[in-house]
Amino acid sequence: MQHSQSATEAPPRVYPLDPPAEDPRFTLGLTFDVARLLESHGYPAITSGADLLELQMALFRYLYAETPRGDS
């Protein structure tokens, strides 16, 4: 059996994605879920609106490229 990757080769990155016109998955609920997950791992609870906004912006920057991958 032939594999497309060697055992030591890392798979290609998936993120960031091309930025969509709209993405119904990217909601305030997603940000709240990530905030609760961080808290469940021992990080301080996010109680400030500014901290919640920063988390949402960080998620957006991680998930979506500033420009589509084909555009350099």
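Read left to right, the sequence shown gives residues 35 to 106 (my numbering).
C-beta atoms are modelled at their ideal positions from N, C-alpha and C, and glycine is treated no differently.
Cβ-Cβ distance between Ala69 and Leu87 below 8 Å | no
Assign Tyr98 to one of three DSSP states: helix, strand, or coil.
-> strand
If you draw a straight line from the alpha carbon of Ala99 to that of Val48, how long is it in whole angstroms?
-> 11 Å
Can you name the start and end residues of the alpha helix (DSSP H) that Glu73 belongs to?
-> 62-74
Rounded to whole angstroms, what's the CA-CA distance from Pro53 to Leu93? Just pull it up for me.
-> 13 Å
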